[in-house]
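Below: the structure, in structure tokens.
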Amino acid sequence: MPKIVDHEARRRLIIRSVWSLIGRRGLAAVTMRELAAEAGFANGGLAPYFRDKDEILLAAFRYACEATERRLEGAVEEPSGLAALRSLCHELVPLDDTRLLEARVVVAFWDRALYDPRLSSDYEATVQRWRTLMHTYLAQARAVGEVTTPTPDEDIVETLFAVVLGFQVNAVLTPGITTPERQIEVLEGLLASYA
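For the sequence shown, the working numbering begins at 19 and goes up steadily by one.
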């Protein structure tokens, strides 16, 4: 009887292996040969699941984004207003080991996305989804008087994105300075300035 293979489980195993390699040794370590070994496959054993390294990296990036969105759904029962905006920002910055590993994957992904329209297009769609959420939460916060600043929402969203993306890079490169406590302190100060 032929062996039944769960393709989705194998794909998830490969994605976890990508994360593990990037976390330990960086994107340069993610060769198809190294990845096959990390996942416990024979050389060439990844072909039925992914065509190439960029497709694997795209899947790893998407998985990181989906994990962020799952956490966000659980962070606030009925997301709205300033509490929801705060929760979204907290999920986007590397406040623990899981989010720091996600940041490593995302930073590695950015480098590849610069030269691959398929990757950059996926990144743009993800960022747009999060920007839309920020705008929605800001509008809700303004409607109930939680945000009163005359600063336009577009400027607030742009600033928040610059901060959270900056924290992703800095937490990866300078973790001793960009601590979770410092990230929260800066975010809280920024959000308080809009009240």
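Where a beta carbon is used, it is the ideal one built from N, C-alpha and C, also for glycine.
Since the model is a prediction, treat every value here as computed from it, not as a measurement.
Do you know whose CA, among Y81, P66, E142 and L113, lies nearest V36's CA? Y81
Out of A161, L209 and E203, state which residue places its alpha-carbon closest to the alpha-carbon of L178. When only C-alpha atoms are compared, the closest one is L209.
Return the CA-CA distance between G62 and Y155, expressed in angstroms with no decimal places. For G62 and Y155, the distance between alpha carbons rounds to 46 Å.
Pick helix, strand or coil for G62, following the three-state DSSP scheme. coil
State the CB to CB distance for the pair L64 and A54, rounded to an integer number of angstroms; the pair is presumed to be in contact (CB under 8 Å). 5 Å
Any idea what DSSP makes of S138, helix, strand or coil? Here S138 sits in helix by DSSP.
Go to P198, then tell me how far its alpha helix (DSSP H) extends in each direction, as first and last residue. P198 to A210
Simplified DSSP state of S35, which is helix, strand or coil: Three-state DSSP puts S35 in a helix.
Can the beta-carbon of R136 be found less than 8 Å from the beta-carbon of L76? yes
Completely contained alpha helix (DSSP H) runs for the segment 127-198, where each covers 4 or more residues: 135-161 and 171-191
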